[in-house]
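Chains as they are written, first to last, in this note's numbering: chain H, 104 to 423; chain A, 195 to 777; chain B, 622 to 949; chain Y, 12 to 311.
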Amino acid sequence: MREYILRRVIYAIFIAWGVFTLTFFLLRIGPSSPADKYLATLVAKGENVEELIAAVEARQGLDKPLYIQYLDYINSLLHGDWGWSFSTSMPVMELIKIHWKYSFQLILLSMLFAVFLGILIGVYSAVKQYTKADYIATFFSFIGISIPNFWLGIMLILVFSVKLGVFKTYYDTSLPMFSLANLKALVLPVITLGTGSMAAYTRYVRASTLENLRKDFVRTARAKGLPDRVVIGKHVLRNAMLPVVTIIMFDLSGVVFGGAYLTEIIFGIPGLGQISFNAIFADDYGVVVAVTLIGALVTLFFNLITDIAYTYLDPRIRYE
Amino acid sequence: MRLSRRRFLRLCAKAGALAMVGSLGCLQKETVPSTEKPAIPQVKGTFIEGTSAGDAETLNWIFAADQASFSYVGYTMDGLIAYDNDLNIVLRWLAKPIEVSDDGLVYTLTLRDDLYWTGGKQVTAEDFVYTYKNLMFADWMPFNYKDDYREDVDGKREFVEVRAVNKTTYQFIRQTVDPEFLYTITDFWAYPKHIVKKYEGDLKAFTQAEELNNLSYTGNLGPYRFVEWVRNDKFVLERNPDYYLGKETGAPYFEKYIVKILGTPAARHAALEAGDITSTVIDPLQVKKFKEMEHIKVYTNPTASYTMLLWNLRNNGWEGFKNKRIRQALAMSISKDALIQSIYLGFADPAFSFIPKPSPWYVEEGLSMYGVGGLYDKEKASEILAEEGYEQEGGRILDKNGEPLKLTIITNSGNKVRESICFLVKQELSDIGIDVELKFLPWATELNQYLRNKVPGSDQPPAFNNGPDAVSEKPWDLLVIGFSTDPLAPSGSSTFFSSEGGLNIEGYFNPEVDSLFQKVKTREALDEAERRRIYGELSRLLSEELPGDFLAFPASNVGFQKNVMGIEPGISMGYNYHEWFFA
Amino acid sequence: MPLTLPNELLSVRGLKAYFYTESGIVRAVDGVSFTLDRGECLCLVGESGSGKSTVALSILRLLDSPPARIVDGEILFNGKNLLTLPEKELLQIRGGRIAMIFQDPQSSLNPVLKIGDQIIEQIIQHKKMKKSEAKKRAIELLNDVGIPEAERRVNEYPHQFSGGMRQRAMIAMALSCGPEIIIADEPTSALDVTVQAQILEIFKELKDKGLSILFITHDLGIVAEIADKVVVMYAGKIMERGVVNEIFDKPLHPYTRGLFECLPTTMKAKKEFPYIPGTIPSMIDPPKGCVFHPRCRYKFEPCDKDIPKEYPVSDTHTVACYLYGGGK
Amino acid sequence: MNRLVKYYWKRTMRSRLAAFGLVYIIILVIVAIFGPFFTGDPNAVNFAEKNLPPVGFSIEHSVYDIKSGEFTTVVVKGSLKHPLGTDDKGRDLLAMLVSGARVSLYVGILATGLALIIGSVIGVTSAYFGGVVDNALMRFTDIMMTFPFFLLLVLIVFIFGPSLNLIIVVIGLTGWTGTARMVRSEALSLRTREFIQALIVLGSSNKRIIFRHLIPNVLSIIIVTATISIPGVILAEAALSFIGLGDPSVASWGRILNAGQDSLDTTWWVAVEPGILLFLTVLAFNFLGDGLRDAFDPTK
């Protein structure tokens, strides 16, 4: 097992290097430069425009040959230096350190919301297959999957914040992380971000549960006199969760960099998603590379966790 | 609202040169109803200013180029002067008005003696002189506005001289006359010499210096003190109890001042309506709704930025533009009233030149007002076109080759107002038989492929004005773009319209215009009446010459919760914001 | 209160269990009655698809509903009708007083739970026992059914067990709460022949200890070894029943006889590979009259008209065939 | 073959939701193809008719007079000339939505098609050749899977400028990984089947085996994947438009929605109408996809 993990870690480093290299060159071959956004503002007397652009590029180290920049970058990364974010005026790592928690709490709560409700409704729907409750759950899960989450977010704000005044129209970062007020502030964002996933999980859990309900060991468990609660909660669910775990983990990276960003924009949550997309628009290369790299590492980490979790969830699986 | 309270009008003119600008001033003066009993200011509450214009880039202001950065710093440091709603100078850090020598070459500034940095060290003339000479003018420092402090001496660009006279007095000494230099020298703050000295020469250290990035040195220099800056979220300030202007009055009156960034205009409007923020800019379509709200007060202010329709006068534009009469014919076909009503919903003034109405240099007399009244006449326009050899055939104008004329209009994508203007221009020009194709381009693409130009075949680096023979990589005919002007120093617009102008994108070359712009920087122009005459002449000339079609000076609308007191609406609304308070 | 004889432990009466499918009603069990006495081993014999498993599942109400539904009949256990018993009481009987063993130990054990835990949870469900005690008991049980190193094995997962050991574990599980009846649904058919014998040995021992066993199988060899009584089913109906010797010595029903002819031991005597011609009929649309008549060598006039009753041949032996009664 | 199609058709249509989805999609496709011939030019601007509400609704139009500080207000009613109303430039929303349907379907189908082709080829090749080829292709797939998809999409579109075709290509080039893996595992299990073994022994060419035998056999997965990928792609394009990275020269539903979302409380229909269409279309594809999946699932 230890050897397996070691191998996976080495593999992850290889993948991360691939992602890093791809991002780095992607950014550099594009037509836009960090100086562009200054152009509008730099111009005073015509003849100095190019000189000033050169100054900006020199300040950001963009004047060196590409391969030197690349090697320098790798070198400083290896020394733990992630560089300076010129669009926010702070070290890249510190920027990420401050902002990851806003995304994290949003994603964590959304995932909890999605996983918990998804499993609950999915299992219920499967157990009550072909009943009215099942049809309703199925129908709503389709709606949940299909509704664009940015659209849902706007509608929620319009109804609950503006018209009904139940929630604030934006997320307040000054709330203590572990407080009821913070939880309340996250209700709408969590629903916005979590609904799609929740609905998707409902579908998967339902299908998986249905499949497992037909299995022989479920009959055995019933024959043992176990109440339905135990039969479904323990025997069916544990087996039904196996394929779902992969899907949830796979979904996670999509949520982090797709849904979470849109949700953060709509609700004004200064999470990593918003930071990274603003960095893209501001040509803040250091942040873009760092976020992509970290995103890749997190994905790889979750993949590893998933695989390890499997050995606990499913004792039949062993890695050498 | 941003920047308006301070002397960054000029900076702003640059900041907004190509980008879009916030709000600056006011066309029509509203008076605060005096029937209400004036309330007594008390220190209380948190003022939350909502914006969706984007976050600042740095508080280490010497590197700043964006409005938000200057605005953020401005809350903690007043600067030398401010302007009131009549654009008169209001002293802030200065103890008395700036003295200009009779020959217009020496500018003397005297600081108050009760200004100090955090820690109690007095702010001295030496701090300013050091900031200029050792930082801004230094080779190692990529200060973006260096050229504002240079002058042409014997064909070379040289920095002006700065020197300290005594503890509170310092001087700028020029070798050439530039009456508007007056408005440049009050643009910036200073760094405390005793802190920044150790970073001198080390760009990386200066960039990353903690005390410069968290404004911990601002002492009693501004109404608020820096507390926290959560990127892309909020900039938090607290009341500065030591504020030098508050010694007698107790100002400022807000416990906290927060700039809150809201991702979208929709979120901004919703937050104001729900009372989650104190003030924000309101889009034209929403103004009526907000004006009707009980708890909201909306102020309508003008701006000094204007939208222009440029014709490509360079060799890869339609050759017809080189003919002034055709330019006039086109301008006659585009109704400024329709534009203002349809797109700005009335919240704009028609523009005929680069000087806005509130400017002291504004002259209305003799302006050619194309696009309104009698000079909005499509039939006449068609006649002129026909006279100049562009006949209509089957409702379409034919170009020199006998093909139906098709012009390409470009603008940067994402700016909804400019996109709408493109559509309107298309609609208007189709009435006189000109077909227009729309192209909305990302900013970088527009800049690099359409705006920057060079002489074909040469190895010039592309720039915005590489002379009359230069053309852009890709052809265009019409361009909708926002320009900004400094109502106090309109000569800055020479960058757009003079032969040597660095932003003369359109390729307009007129010696008469060049000489008028040069006249502003002469000894004669020290006389204000003379300067007004020159500007009047310039305005008239450009309104008739039409290097581009000046379209409109948009107004901006700012909404406040009704309990904010002390607001003086006008061109510089917010110049006295330290006196605002909650009822 | 229905009448029950003192020795009668389980009595199935007129059981009808149908599957309601899209293509129609499958009459999987159509009027089956039999009794299981204390200490007795009753074998339910028939081809696959004859409805034997459905009978077994009906007893503990384990049929999936929908699509299955028990439409008629009663199942009396110690005089109580299991079919109408409240859920709570039923749970106590399932696994507690009546235990069940299934055909395929591979799929009948939960793959993600330890063998021990699967036994323990049943013990805890029925007996007031601490987990540690229950575990001890589980180890004992595993020992009893012949699993070596039970201490260690108790913590293993099903996939780590061989087929035979899994079935032993299933048996241990069934025995864990001291049931009165064990229902074994083809417990050996998924196993190797050598293992089959071992498992069968265990069943014999259980029988000797006085447990009542309802043993479902299609293997007449096993029946010979273990059964006290035999009930032969075909297409959801009982064809013949009797004490084991009677059936083996004198199989009367043409179907039973067919089954015997297919036995490997009897096969040797003949040259050709024996089989019962035709296939088991559709239970959606069963043949009129005797369900076996389309495949019957002896069918005559009344066979395709009316359903034959069970005609007694002796006190303990009955046959549902017009050859042995029904007039004419 | 025909019978097989019939069989799956029957199985798919067993689900009423799938049938609804199919009918909706067919109508949408017909509207997208032929609609623009009836609805007129979606780019025809007419500022005199801007911000007209849909039929049955009315709205106040106000214009400010900067000299007097007063509003001039008129009540405007929706008319049959523009049954779904107009936008702030007076463009007919019905025409825009119809041409937007074309765009959305174009993006959805093309990008999905591209992703499926790449994914299938890689998956089948990987499974068929095994060994080094398999290893290399799957490692590459891993790198692509690890890339934060939406971030990459935004990055590329921002760097190279938002054009519809670029968006399609980028989605296609990045969205194939899931398909590749699924196809690979399906093909792996097919490869071991007798008829493929037989073909190998008989000396059929690799190309022939892959294209004539393996791919048709994994077609069912591909069909299902396509149906459930299309709405994802349509949503991705809408999300890009939402953050201002849609192709500015094309009025996709996402672009219309983006243009209207700032004025939801006044000219609500501009954002609501494309939102509903977007939602219904995605829903229809999901219904159909689910029905197809069930139909192809042999255990059902």
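Cβ atoms here follow ideal geometry from the backbone N, Cα and C, with glycine treated the same way.
Keep in mind that this is a model prediction, so the values were computed, not measured.
If you draw a straight line from the C-alpha of residue i to the C-alpha of residue j, how long is it?
{"i": "Glu106 (chain H)", "j": "Leu416 (chain H)", "result": "20 Å"}
{"i": "Gly134 (chain Y)", "j": "Ser249 (chain H)", "result": "28 Å"}
{"i": "Ile792 (chain B)", "j": "Ile722 (chain B)", "result": "7 Å"}
{"i": "Leu456 (chain A)", "j": "Val481 (chain A)", "result": "18 Å"}
{"i": "Lys21 (chain Y)", "j": "Ile868 (chain B)", "result": "50 Å"}
{"i": "Asp743 (chain A)", "j": "Leu632 (chain A)", "result": "18 Å"}
{"i": "Arg304 (chain Y)", "j": "Phe31 (chain Y)", "result": "15 Å"}
{"i": "Glu668 (chain B)", "j": "Leu210 (chain Y)", "result": "40 Å"}
{"i": "Glu710 (chain B)", "j": "Val290 (chain H)", "result": "44 Å"}
{"i": "Asn731 (chain B)", "j": "Phe296 (chain Y)", "result": "37 Å"}
{"i": "Arg306 (chain H)", "j": "Glu640 (chain A)", "result": "46 Å"}
{"i": "Pro194 (chain H)", "j": "Phe117 (chain H)", "result": "25 Å"}
{"i": "Ser265 (chain A)", "j": "Tyr205 (chain H)", "result": "26 Å"}
{"i": "Pro779 (chain B)", "j": "Leu734 (chain B)", "result": "8 Å"}
Exposed or buried, what is residue i when buried is set at 16 or more other beta-carbons lying within 10 Å of its beta-carbon?
{"i": "Met280 (chain H)", "result": "exposed"}
{"i": "Trp254 (chain H)", "result": "buried"}
{"i": "Met24 (chain Y)", "result": "exposed"}
{"i": "Gly336 (chain H)", "result": "exposed"}
{"i": "Ile905 (chain B)", "result": "exposed"}
{"i": "Gln236 (chain A)", "result": "exposed"}
{"i": "Asn595 (chain A)", "result": "exposed"}
{"i": "Glu251 (chain A)", "result": "buried"}
{"i": "His772 (chain A)", "result": "buried"}
{"i": "Tyr639 (chain B)", "result": "buried"}
Sorted by chain position, which residues of the same chain lie with C-beta nearer than 8 Å to residue i's C-beta, five sequence neighbours on each side aside?
{"i": "Leu873 (chain B)", "result": "Glu861, Val934, His938, Val940, Cys942, Leu944, Tyr945"}
{"i": "Thr363 (chain A)", "result": "Thr302, Leu303, Thr304, Leu305, Ala319"}
{"i": "His914 (chain B)", "result": "Pro908, Lys920, Cys924, Asp925"}
Write down the C-beta distance between residue i and residue j rounded to the nearest angstrom, noting that I regard them as a contact closer than 8 Å.
{"i": "Tyr393 (chain A)", "j": "Phe400 (chain A)", "result": "4 Å"}
{"i": "Cys616 (chain A)", "j": "Ile603 (chain A)", "result": "5 Å"}
{"i": "Asp273 (chain Y)", "j": "Ala262 (chain A)", "result": "Actually they are not in contact, since the Cβ atoms of Asp273 (chain Y) and Ala262 (chain A) sit about 20 Å apart, beyond 8 Å."}
{"i": "Phe171 (chain Y)", "j": "Leu177 (chain Y)", "result": "6 Å"}
{"i": "Gln743 (chain B)", "j": "Ser797 (chain B)", "result": "5 Å"}
{"i": "Leu736 (chain A)", "j": "Phe548 (chain A)", "result": "7 Å"}
For residue i, collect the residues of the same chain with a Cβ closer than 6 Å to its Cβ; drop the 5 residues on either side in sequence, then sort them by chain order.
{"i": "Leu684 (chain B)", "result": "Leu678"}
{"i": "Gly186 (chain Y)", "result": "Ala126"}
{"i": "Leu569 (chain A)", "result": "Met526, Met563"}
{"i": "Leu579 (chain A)", "result": "Ala523"}
{"i": "Ser26 (chain Y)", "result": "Gly302"}
From the DSSP output, which residues share a beta bridge with residue i?
{"i": "Thr302 (chain A)", "result": "A:Glu293, A:Gln365"}
{"i": "Ile452 (chain A)", "result": "A:Ile242, A:Val430"}
Among the residues of its own chain, which have a CB less than 7 Å from the CB of residue i, if the five just before and after it don't count?
{"i": "Tyr641 (chain B)", "result": "Pro687, Pro688, Arg690"}
{"i": "Ala229 (chain H)", "result": "Arg309, Thr312, Leu313, Leu316"}
{"i": "Gln377 (chain H)", "result": "Tyr364, Glu367, Ile368"}
{"i": "Gln232 (chain H)", "result": "Leu313"}
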